[in-house]
Amino acid sequence: SVPIPQKLFGAVTSPLYPKPYPNNYETTTIITVPPGYRVKLVFQHFDVEPSEGCLYDYVKISADKKNLGRFCGQQGSSLGNLPGKKEFVSKGSKMLLTFHTDFSNEENGTIMFYKGFQAYYHAVDLDECASQSNSVEDDPQPRCQHLCHNYVGGYFCSCRAGYELSEDGHSCQAECSGQLYTEPSGYIASLEYPRPYPPDLRCNYSIRVERGFTLHLKFLEPFEIDDHQQVHCPYDQLQIYANRKNLGEFCGTQRPPALDASSNAVDLLFFTDESGDSRGWKLHYTTEIIKCPQPKPLDEFTVIQNPQPQYQFRDYFIVTCKQGYQLMEGDKALVSFSAVCQDDGTWDRTMPTCKIRDCGQPRSLSNGDFRYITTNGVNSYKSQIQYYCREPYYKMKIRASSSESDRGLFTCTAQGIWKNKQDGEKIPRCLPVCGKPVHPVEAKQR
Amino acid sequence: IIGGHRAKMGNFPWQVYTELPGPGGGALLGDRWILTAAHTVYPKEQTGQGSNHTRNVLMGHTVMKQLRELTNHPIRTIRIHPDYHQDQPHNFDGDIALLELKNSVTLGPNVLPICLPDNETFYEERLMGYVSGFGLTEDRLPDSLRYIRVPVAEREACEKWLQSKNRDDVFSRNMFCAGGLHLKQDACQGDSGGVFVMKDHNKDRWVATGIVSWGIGCGYGYGFYTKLLNYVDWIKKEMGEE
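Protein chains in written order, with our numbering: chain A, 9 to 454; chain B, 2 to 243.
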């Protein structure tokens with residue numbers, strides 16, 4: 009045997025090629041390429057003593073413990089077995105080429121000379137994954153337990169969801185703790201669904217979507233978890249939690265109803281014992297944005313600014329009052345009001361009310377008084393009062409262009425302040441009247 | 002008041018009775034100020050009139066007994082005209098003062114302010130004016146407010162009368178005189194500070210034109226009054242906006 013140093017390509021020739029090869033010669037050339045490749049060989053020139061069944065001189069090719077052919081002959085000769093342009097490909101990384109010659113090369117007493125052969129080989133990628141199901145003789149075990157990925161010169165394995173690749177790089181171990189789902193919708197299933205789930209599982213599936221969304225769960229058929237007629241879920245069970253609140257523990261063959269988690273966080277815990285043959289479960293989860301109830305004014309004076317057809321998480325609305333009305337939150341007067349839709353679909357503040365502005369009791373006028381022009385005793389928005397002085401002893405101080413009725417007229421404004429058209433909040437003054445005795449001295453007697 | 006009449010309620014609603022501490026008169030200006038004569042506060046020849054004396058300011062009734070039952074009006078400040086000289090017994094120039102009350106009084110039919118003059122026509126001779134007061138009637142104090150009606154006298158006549166008496170008393174341009182030699186109606190001690198008023202028929206109101214100031218005896222000759230028109234600016238300055 010003549011091993012050739014491992015290379016990606018090369019040539020193999022008969023001894024002394026292209027001069028005639030010697031008699032009584034036999035050698036086996038071992039062609040090897042790096043692991044992950046296989047050998048492809050093609051003859052470029054072939055001139056070996058032809059014989060029936062290639063009994064005398066021949067070239068024999070074998071690989072993977074199989075004989076790929078025995079060849080002899082000359083170009084143009086019908087005798088023998090020429091390899092022609094045939095490509096010989098090994099399944100493994102090794103190919104054997106045996107060249108055998110007998111004691112003479114004569115034809116009808118004439119000594120003949122044959123040049124021998126020249127062959128080229130090169131390494132071609134071995135698709136290890138393709139041979140997964142029908143293993144080669146050198147590697148009878150399946151290469152990957154779950155998934156196989158070929159690349160030039162090698163391959164690697166991976167596992168289906170819920171499994172982890174073992175240290176050996178081939179086998180897969182069930183691993184379903186800490187499964188996190190953050191997409192707005194998706195499917196979650198027990199391992200191997202709808203084939204029976206593995207034993208001794210402690211699976212934890214967490215669904216986390218953005219705040220302001222709520223999760224809906226819908227189980228698919230088949231739903232099958234080991235059950236017992238009398239005892240509730242003694243073997244295997246699926247527990248569902250929303251925001252740490254238990255939504256139920258499920259087993260048997262009756263799939264759970266569609267669940268509205270009313271939460272953006274759902275956890276599923278799936279426990280199995282060491283035995284069983286149930287097919288497991290699968291669910292489809294979807295998300296829906298949380299909406300807050302449409303804000304409704306509590307009275308006709310409340311104005312919701314730019315109302316929207318619907319309000320969702322983080323939306324807000326602003327409330328104002330019609331002119332002359334005051335925003336009230338309970339007994340507390342507000343300067344402004346806005347409410348924000350929370351992630352649980354509720355408003356952070358309750359709807360305020362709008363109370364008509366009250367200017368309060370009008371200020372008393374020294375040496376005068378006031379009377380209501382509008383409803384007596386009512387001091388609300390648009391109410392009017394008329395101040396007057398105690399005549400004839402006092403007279404209202406007015407401007408030349410004004411009158412007592414104008415100066416004394418006060419209206420309750422939208423700001424809740426009594427105001428005069430000309431002088432604003434300043435109430436009039438009653439000035440003493442001089443020199444006007446009610447009973448002046450008089451003499452009748454003349 | 003000599004030779005006068007008993008006043009009825011409401012005849013002289015501006016009349017104020019003062020004891021500062023001596024008895025005197027005054028007139029209500031606005032609802033917080035009393036016009037009076039400076040010498041009712043600081044009488045001549047009585048230097049050292051202290052501020053710790055009880056001072057009474059009463060108004061609202063013509064009967065003294067009733068008047069004394071009414072509320073006293075405490076004084077906040079006293080404003081004496083700077084021309085008044087307590088130490089000059091023969092000179093009553095600048096005999097005018099203002100009493101600022103602590104609280105405003107409530108005006109009514111018996112308590113009303115008097116107006117101030119605005120022109121010289123109020124001082125024309127023979128114009129009749131009224132003088133009221135709780136001062137002496139002959140030689141006794143009256144039990145109620147009394148009044149007289151006297152004319153503004155001719156200035157020269159008053160000056161001559163004073164000269165004939167060989168008096169040193171000053172009759173300044175800030176004074177006017179009223180009454181007459183043969184008129185038995187006059188103001189007297191206790192009426193000082195009260196006002197000489199007359200009806201302004203054009204404006205249908207009563208105007209104080211003078212303050213009872215001084216005289217020689219009571220009931221004969223002329224009475225001398227502080228001429229208010231000359232002090233209107235000072236009064237307005239002291240009273241401010243009021």
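Every residue gets a Cβ at the ideal spot worked out from N, C-alpha and C, and that includes glycine.
Given the structure is predicted, the values throughout are model-derived calculations rather than measurements.
Going along chain A, which residues have a C-beta under 9 Å from residue i?
i, result
"Gly26(B)", "Going along chain A, no residue has its Cβ under 9 Å from Gly26(B), so there is no contact; the nearest lies around 16 Å."
"Trp207(B)", "Cys442, Gly443, Lys444, Pro445 and Pro448"
"Gly31(B)", "Leu439, Pro440 and Cys442"
"Tyr131(B)", "Val449"
"Tyr148(B)", "Val449"
"Lys9(B)", "His447 and Val449"
If you run the structure through DSSP and keep just helix, strand and coil, what is residue i?
i, result
"Glu145(A)", "Caution is warranted here: a pLDDT of 48 is assigned to Glu145(A), below 50, making its placement in the model unreliable, and the coordinate value is therefore given only provisionally. In this structure, Glu145(A) counts as coil in the three-state DSSP scheme."
"Asn57(B)", "strand"
"Gly216(B)", "strand"
"Tyr33(A)", "strand"
"Ile12(A)", "coil"
"Lys237(B)", "helix"
"Leu230(B)", "helix"
"Lys9(B)", "coil"
"Cys110(A)", "Before going further, note that residue 110(A) is Asp rather than Cys in the sequence given. Asp110(A) falls in the coil class under three-state DSSP."
"Gln16(B)", "strand"
"Ser165(B)", "helix"
"Arg206(B)", "strand"
"Asp280(A)", "Note that residue 280(A) corresponds to Thr in the displayed sequence, not to Asp. In the structure shown, Thr280(A) sits in coil (DSSP, three-state: anything other than H, G, I, E or B)."
"Phe121(A)", "coil"
"Tyr221(B)", "coil"
"Cys180(A)", "strand"
"Thr122(B)", "helix"
"Arg463(A)", "Nothing in the structure corresponds to residue 463(A), since chain A is present only between 9 and 454."
"Arg156(B)", "helix"
"Phe135(B)", "coil"
"Ser145(B)", "strand"
"Trp289(A)", "coil"
"Pro440(A)", "strand"
"Val132(A)", "strand"
Interface residues of chain A around residue i at Cβ under 8 Å?
i, result
"Pro114(B)", "Pro440, Val441, Cys442 and Gly443"
"Ala179(B)", "Neighbours of Ala179(B) on chain A: none; closest Cβ ~16 Å, over 8 Å."
"Asp187(B)", "Those within 8 Å of Asp187(B) in chain A number zero; the least Cβ separation is about 17 Å."
"Lys103(B)", "Those do not exist, as Lys103(B) stays about 15 Å from chain A at its closest Cβ, beyond 8 Å."
"Lys238(B)", "Result: empty, since nearest Cβ-Cβ is about 18 Å, beyond 8 Å."
Just checking my contact of residue i with residue j at CB under 8 Å: how many whole Å lie between their CB atoms?
i, j, result
"Ile425(A)", "Arg415(A)", "Not really, about 17 Å apart at Cβ, beyond 8 Å."
"Thr190(A)", "Val217(A)", "7 Å"
"Gln6(A)", "Phe227(A)", "Residue 6(A) lies beyond the residue range present for chain A, which begins at 9 and ends at 454; the question has no answer from this structure."
"Asn384(A)", "Gly368(A)", "No, Asn384(A) and Gly368(A) are not in contact; Cβ-Cβ is about 15 Å, not under 8 Å."
"Ser133(B)", "Leu146(B)", "6 Å"
"Met199(B)", "Gly130(B)", "4 Å"
"Ile38(A)", "Lys102(A)", "7 Å"
"Ile69(A)", "Gly77(A)", "5 Å"
So residue i contacts chain A; which residues on that side make the cut at Cβ distance below 7 Å?
i, result
"Asn12(B)", "Pro445, His447, Pro448 and Val449"
"Tyr232(B)", "By Cβ distance, chain A contributes nothing, its closest Cβ being about 16 Å from Tyr232(B), past 7 Å."
Whole angstroms is fine: what's the gap from residue i's alpha carbon to residue j's?
i, j, result
"Leu71(B)", "Cys362(A)", "53 Å"
"Leu87(A)", "Leu104(A)", "24 Å"
"Asp339(A)", "Lys390(A)", "22 Å"
"Gln89(B)", "Lys45(B)", "7 Å"
"Tyr333(A)", "Lys237(B)", "47 Å"
"Leu439(A)", "Lys9(B)", "26 Å"
"Val311(A)", "Cys300(A)", "18 Å"
"Gln331(A)", "Gln423(A)", "9 Å"
"Tyr232(B)", "Asp96(B)", "10 Å"
"Val112(B)", "Tyr401(A)", "9 Å"
"Pro13(A)", "Thr40(A)", "7 Å"
"Glu232(A)", "Pro42(A)", "49 Å"
"Val246(B)", "Glu126(B)", "Residue 246(B) falls outside the range modelled here, since chain B spans only 2 to 243, and no answer is possible."
"His292(A)", "Arg252(A)", "20 Å"
"Val144(A)", "Glu172(A)", "Interpretation of Val144(A) is limited by its pLDDT of 46, a score under 50 that renders its predicted location unreliable; the figure taken from the coordinates is listed afterwards. Roughly 26 Å between the two C-alpha positions."
"Glu175(A)", "Gln247(A)", "31 Å"
"Val10(A)", "Gly84(A)", "31 Å"
"Leu29(B)", "Gln16(B)", "7 Å"
Along chain B, which residues have their Cβ under 7 Å away from the Cβ of residue i?
i, result
"Tyr401(A)", "Leu108, Gly109 and Leu113"
Hey, would you say the C-beta of residue i is under 7 Å away from at least one heavy atom of the ligand COA?
i, result
"Arg156(B)", "This structure does not include the ligand COA; it has no bound ligands of any sort."
* Length at least 4, wholly inside the segment 22 to 102 of chain B: the alpha helix (DSSP H) runs in chain order -> 39 to 42 and 65 to 70
* To do: Please list the segments of the beta strand (DSSP E) lying wholly inside the segment 12 to 100 of chain A, counting only runs of 3 or more residues, in order along the chain.
  => Counting whole runs of 3 or more residues, the segment 12 to 100 of chain A contains the beta strand (DSSP E) stretches 17 to 21, 33 to 40, 45 to 55, 66 to 71, 74 to 79 and 95 to 97.
* At what residue ranges does the segment 367 to 432 of chain A contain a whole run of the beta strand (DSSP E), taking only runs of 3 or more? -> List check, beta strand (DSSP E) in window: 376 to 380, 392 to 397, 402 to 404, 417 to 420 and 426 to 428.
* Return the chain-ordered ranges of every beta strand (DSSP E) run that is complete within the segment 171 to 242 of chain A and spans a minimum of 3 residues. => 171 to 173, 180 to 182, 187 to 189, 194 to 197, 210 to 216 and 221 to 227
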